[in-house]
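Written out below as structure tokens is the structure these notes cover.
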Amino acid sequence: MSSEVRPYTLVAELTYKCPLRCVYCSNPLDYGRHADEVDTGTWLRVFQEAEDLGVVQLNLTGGEPLIRHDLEALIEEAHRLDLYTNLITGGIPLTVERLTRFRALGLDNVQLSIQDVRAGASDRIAGLRSFDRKLEVARWAKNLGFPLTINVVLHRDNLDRVADVIALAEDLSADRLELANAQYVGWALQNRAALLPTREQLERARAIAAAARARLRGTMEILFVTPDYYSEFPKACMDGWGRRFVVVSPDGLVLPCHAAHTLPGLEFESVRQRALGDIWRDSPGFNAFRGEAWMPEPCRSCDRRAIDFGGCRCQAFHLTGKAAVTDPACRLSPDHGLIEAARAQALEAAGRAMPLEYRARTVSLRG
Amino acid sequence: MGAPGRPRVISAESRPRLAEKARLRFDRKAQQYLLLFPERGLALNPTAAEILKLCTGEHTVEAIIERLLETYDTQPREAVEREVVAFLAGMAERGLVKAGR
Chain X
1 MSSEVRPYTL VAELTYKCPL RCVYCSNPLD YGRHADEVDT GTWLRVFQEA EDLGVVQLNL
61 TGGEPLIRHD LEALIEEAHR LDLYTNLITG GIPLTVERLT RFRALGLDNV QLSIQDVRAG
121 ASDRIAGLRS FDRKLEVARW AKNLGFPLTI NVVLHRDNLD RVADVIALAE DLSADRLELA
181 NAQYVGWALQ NRAALLPTRE QLERARAIAA AARARLRGTM EILFVTPDYY SEFPKACMDG
241 WGRRFVVVSP DGLVLPCHAA HTLPGLEFES VRQRALGDIW RDSPGFNAFR GEAWMPEPCR
301 SCDRRAIDFG GCRCQAFHLT GKAAVTDPAC RLSPDHGLIE AARAQALEAA GRAMPLEYRA
361 RTVSLRG
Chain P
1 MGAPGRPRVI SAESRPRLAE KARLRFDRKA QQYLLLFPER GLALNPTAAE ILKLCTGEHT
61 VEAIIERLLE TYDTQPREAV EREVVAFLAG MAERGLVKAG R
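Pasting the structure below:
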């Protein structure tokens, strides 16, 4: 572990509530158990503590952060602290007046999710009629002078339209387009059979994105995130556990990633009880997978261990039942057969319509 | 809407400015400037920071070079010119600096 471990980015998950019900949502399956328990004053304290720790980037996300009525106060404080603040939103519910206020308060960037390029397909994934309104929100953002990121999660049903996605983002004058293949944890894992593309689909889309990236260089940045299932090696999930990112969940838990609280046996602490910096430095959950001491073979002796840090702990757990094993996405993992089987299933299911399970409360709220 | 095709090329007469999405910030921890933009940031060496601080849309590339020569007066002029132009072209290529008018 580096002696100067500091987070650069605070991911503030302000709420898990969301009007959309996207079938690949990265919120945990039991999100209904985690109520919004962090009040405005506590969030403001957390931003200050994050800045003290070295954080320079703030992602305001959720769920849908627009649900919070105190978003104005949060943006104002983030701006005062000189944090680069990115609103990660589905764009609903929002008015142009409120977005104008965000601009005046110093919000730096708007990142808007769109599910597809056709209203019907986009609304089908979101579980809500929302496509036309999203395009309107994108135009508001640009008219107000915001830099605009468009994020589109890619999967079996929209990968073949990636050229149209790029054209739409160009038409909206997006500054950045994230073509993010679904990562199969949370709801996406639940819907994997319906979402996982074939390798051929993926490679076609990747080539189209690469050509567009070259054509639009300097005008629109295009990011193409490959799904782990078709990579030889896993991603450096969150740039490594507890290295650069600190996530605070709607109920106040301080986490190394969005889904770390789905791992059993780890102890995470709340900003309602303890200062962010203390939790970052010495909470047992944060230290569980920091560095290399936890690593089993084949990671332990692998040259790539300082590149990918063993991959994603949540993916390892949700596929194998064990969090402290090599990410099965790695071709060197003894569990890699699980990934190969999913790929074979995707090939076999290509072209067939599959049922989708929408994000929904599967357990009731506490109390 | 939009700016189809390639962005304008940086020349001696350009008045470069930071892209709307990019913001400079001094990092107390590492005692250096960072250029921040969505999801990422660049750690800047002192020269790069100095150049980007002058990318306000007011100064021409030529004026920026003059300013740097005051600080780095031991360097040959041509070397500084080459370095500044190459740096700004690279930043424009990444969409972090706009050529301006």
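If you read the sequences in order, they're chains X and P. Going letter by letter, the first sequence gives residues 1 to 367 in the working numbering. Going letter by letter, the second sequence gives residues 1 to 101 in the working numbering. All residues carry an ideal CB built from backbone N, CA and C; glycine is no exception. Computed from a predicted structure; not experimentally measured.
Tell me whether residue i sits in a helix, a strand or coil according to DSSP, three-state version.
i, result
"I150(X)", "strand"
"Q32(P)", "strand"
"Q315(X)", "helix"
"N109(X)", "strand"
"S122(X)", "helix"
"F245(X)", "strand"
"A349(X)", "helix"
"V5(X)", "coil"
"A324(X)", "coil"
"A212(X)", "helix"
"R274(X)", "coil"
"I88(X)", "strand"
"F47(X)", "helix"
"V225(X)", "strand"
"V162(X)", "helix"
"L195(X)", "helix"
"T74(P)", "coil"
"R206(X)", "helix"
"T219(X)", "coil"
"R68(X)", "coil"
"L189(X)", "helix"
Which same chain residues end up closer than 8 Å to residue i when comparing Cβ atoms and leaving out the 5 residues on each side of it in sequence?
i, result
"S364(X)", "Caution is warranted here: a pLDDT of 38 is assigned to S364(X), below 50, making its placement in the model unreliable, and the coordinate value is therefore given only provisionally. Closer than 8 Å at Cβ, skipping near neighbours: G32."
"R366(X)", "Reliability of the predicted coordinates at R366(X) is poor, the pLDDT of 37 falling under 50, and the value obtained from them is presented with this limitation in mind. So the qualifying residues of the chain are R33 and A35."
"Y84(X)", "V56, Q57, L58, D108 and N109"
"L54(P)", "A63, I64 and R67"
Taking the Cβ atom as the reference point for each residue, do residue i and residue j lie within a distance shorter than 9 Å?
i, j, result
"L276(X)", "V254(X)", "yes"
"Q183(X)", "S283(X)", "no"
"A350(X)", "R156(X)", "yes"
"K134(X)", "L148(X)", "no"
"L189(X)", "A346(X)", "no"
"T56(P)", "L96(P)", "no"
"A43(P)", "A30(P)", "yes"
"T320(X)", "P296(X)", "no"
"G252(X)", "F289(X)", "no"
"A368(X)", "L263(X)", "Residue 368(X) is absent from the structure shown; chain X starts at 1 and stops at 367."
"P234(X)", "Q115(X)", "no"
"M238(X)", "A169(X)", "no"
"A193(X)", "V117(X)", "no"
Check for me: the alpha helix (DSSP H) holding residue i runs from which residue to which?
i, result
"L105(X)", "V96 to L105"
"A43(P)", "Note, A43(P): premise wrong, no alpha helix (DSSP H); beta strand (DSSP E) at R40 to A43."
"V137(X)", "F131 to N143"
"T47(P)", "P46 to K53"
"F289(X)", "Counting along the chain, F289(X) falls outside any alpha helix (DSSP H), and DSSP gives it neither H nor E."
"A63(P)", "V61 to T71"
"F87(P)", "R77 to E93"
"R80(X)", "L71 to R80"
"L128(X)", "Segment: none, L128(X) is in no alpha helix (DSSP H) and carries neither H nor E."
Skipping 5 residues on each side, what residues in its chain have a beta carbon closer than 7 Å to that of residue i?
i, result
"T100(X)", "L144"
"F224(X)", "L179, R206 and A209"
"V80(P)", "I65, L68, L69 and Y72"
"L128(X)", "P19, L20 and R21"
"L53(X)", "R6, P7, L276, G277 and W280"
"A163(X)", "I208"
Which residues in the same chain have their Cβ closer than 6 Å to the Cβ of residue i, if we skip the five residues on either side of it in sequence?
i, result
"G250(X)", "At residue 250(X) the sequence reads Pro, which differs from the Gly that was named. For P250(X), where only same-chain residues beyond five positions count, the Cβ hits under 6 Å are E13, T15, Y16, H34 and D36."
"S14(P)", "V61, A99 and G100"
"S173(X)", "K142"
"A86(P)", "none"
"D175(X)", "P147 and L148"
"S3(X)", "Because S3(X) carries a pLDDT of 46, less than 50, the predicted location of this residue cannot be relied on, and no value is offered for it."
Taking residue i as part of the beta strand (DSSP E), name the residues at either end of that continuous run.
i, result
"E13(X)", "T9 to E13"
"L177(X)", "R176 to N181"
For the ligand PLP, I want to know if residue i counts as a neighbour, meaning its beta carbon is within less than 8 Å of at least one of the ligand's heavy atoms.
i, result
"I339(X)", "Annotation note on the ligand PLP: not contained in the displayed structure, which lists no ligands."
- Between the stretch 79 to 92 of chain P and chain X, which residues of the former have CB atoms less than 7 Å from a CB of the latter, in chain order? When C-beta distances to chain X are compared with 7 Å, the residues of the stretch 79 to 92 of chain P below that value are A92, in chain order.
- Contact residues within the stretch 49 to 67 of chain X, judged by C-beta distance below 9 Å to chain P: Residues of the stretch 49 to 67 of chain X with a C-beta atom less than 9 Å from some C-beta of chain P are L53, G54, V56, Q57 and N59, listed in chain order.
- Task: Could you please tell me which residues of the stretch 80 to 96 of chain X, in chain order, have their CB closer than 7 Å to any CB of chain P?
- Result: Contact annotation: in the stretch 80 to 96 of chain X, residues whose CB is within less than 7 Å of a CB in chain P are D82, Y84 and N86.
- Using a Cβ-Cβ cut-off of less than 7 Å, give me the residues of the stretch 27 to 43 of chain P that come near chain X, in sequence order. Taken in chain order, the members of the stretch 27 to 43 of chain P whose beta-carbon sits within less than 7 Å of a beta-carbon on chain X are D27, K29, L34, L36, P38 and G41.
- Item | Near-chain X residues of the stretch 15 to 26 of chain P - C-beta to any C-beta below 8 Å | So the close ones are A19, E20, K21, R23 and R25.
- Interfacial residues, the stretch 98 to 123 of chain X to chain P, with Cβ spacing under 8 Å: For the stretch 98 to 123 of chain X, which is checked against every Cβ of chain P, the residues closer than 8 Å are D108, N109 and Q111.
- Task: Closer than 8 Å, Cβ to Cβ, to anything on chain P: give me those residues from the stretch 269 to 300 of chain X, in chain order.
- Result: Hits within the stretch: zero.
- For the stretch 146 to 168 of chain X, which residues have a beta carbon sitting closer than 7 Å to at least one beta carbon of chain P? Listed by position along the chain: P147 and T149.
- Query: Between the stretch 196 to 225 of chain X and chain P, which residues of the former have a C-beta closer than 7 Å to a C-beta of the latter?
  - Reply: Taking 7 Å as the Cβ-Cβ cut-off against chain P, the residues of the stretch 196 to 225 of chain X that qualify are R217, G218, T219 and E221.
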